[in-house]
Each structure stands twice: as C-alpha cells, then as structure tokens.
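The sequence shown begins at 1293 in this note's numbering and counts up one residue at a time.
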Amino acid sequence: MSDLLQMDATKLKALEQSFYLVEERGEEFTAAFYGRFFNIYPEVRVTFSNTNLPDQHRKLLKALKTIVGSLRNPDVLEPYLGQLGNQHKDAYVVADTDFQMFKRALMDTFEEFLGDDFSDEAREAWSEAYDKISGVMKGSVESGQ
C-alpha cells in the first residue's frame, strides 16, 4: 500500500461530498465536461472523432465513481488507475499536456455545477487528488505495466 492519496481527512471528505453533489446529475455533468473540454481545446476533438460520445460520458462517470469510491482503499485504487492509464495509452496518444487540459476542464466543470458549494477545500482536494491520480496513470503508461 502506498501513500497515493493520503490527504487530510477534511479535504478527503470535501472531495467526496463535492462528487456526490454532481453525481446526482452525472450524465449532464460529463456532457458539460466534454463540451467544455472541446470548446477550450478544439484540437483534442479529433482524438475523439471515432468515439461514441454518450458512451464516453458514461465511461467518465464510471471512472469518477470508481476513483471516489476507492479513495480510502489504495490497494484497489492503484491497480485501477494503472489499468485506466494503459487503456488510454492503447486508445489514444496521451501527453502530459493532455492531462493538464483535462484537469482544467474538469475543475471548471465542477465550478460550474457546484458554484459556491465548490469550496476552496474541495477545489484544493480535487487538484491534489487529480495530480496524484494522473501521476499514477502516467507512471503505468511509462513503465508499460
């Protein structure tokens, strides 16, 4: 077991609570995310040209649910993130900048959906968690695991 997402319990709770608020509108949230992602970064649209976007929305929501549901269990979370990283490597060419673009669109979408409920603590928790999560995903791609 690693210290993958060892974070302050208050931050962890803020992250979980913020997700549960958007999960109620999950399909709307993921559709808004991809709309924002393509609007901010139109160059990534070509990457998804052969992708069924409603299916992609469901996959993103499932991934977020799995990640948030496994935050307190790194023995489950780490292998899942490794698998997710490798799936992205196999399906797309994913660069470091892609992870940062994804993060910006994700954080902006949380801000849009949660408004004042997206507290500074929740924002910090998501940013910290995303950086650690993407680090594990990138590491699995680089190591070929």
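Glycine included, C-beta positions come from ideal geometry on N, C-alpha and C.
Only a predicted model underlies this, so the values are computations on that prediction, with no experimental measurement involved.
Check, Outcome
"Taking only the alpha-carbon atoms, compute the straight-line gap between Q1298 and D1409 and give it to the nearest angstrom.", "23 Å"
"Smallest Cα separation from A1417: which of N1378, V1360, P1371?", "V1360"
"So what's E1316 in DSSP terms, helix, strand or just coil?", "coil"
"When you compare each of G1427, A1355, F1311 to T1389 by their alpha carbons, which one comes out closest?", "G1427"
"Quick test of your reading: F1311 and T1401, contact by CB under 8 Å. State the CB separation rounded to the nearest angstrom.", "That belief does not hold up - the Cβ atoms of F1311 and T1401 are roughly 12 Å apart, past 8 Å."
"Could you check if K1357 is buried or exposed, using at least 16 other CB atoms within 10 Å of its CB as the buried criterion?", "exposed"
"Would you decide whether A1301 is buried or exposed? Buried here means 16 or more other CB atoms lie within 10 Å of its CB.", "exposed"
"Between which two residues does the alpha helix (DSSP H) holding Q1348 run?", "1345-1361"
"Are the CB atoms of V1336 and M1393 nearer to each other than 8 Å?", "yes"
"Closest to G1431 by C-alpha separation, out of F1391, M1399, L1398, would be which residue?", "F1391"
"Classify E1319: buried if its beta carbon has 16 or more other beta carbons within 10 angstroms, exposed otherwise.", "exposed"
"Drop a sphere of 10 angstroms on the beta-carbon of E1316, count the other beta-carbons inside from all chains shown, and report buried for 16 or more, exposed for fewer.", "exposed"
"Measuring only the C-alpha atoms, how far is R1364 from M1399?", "22 Å"
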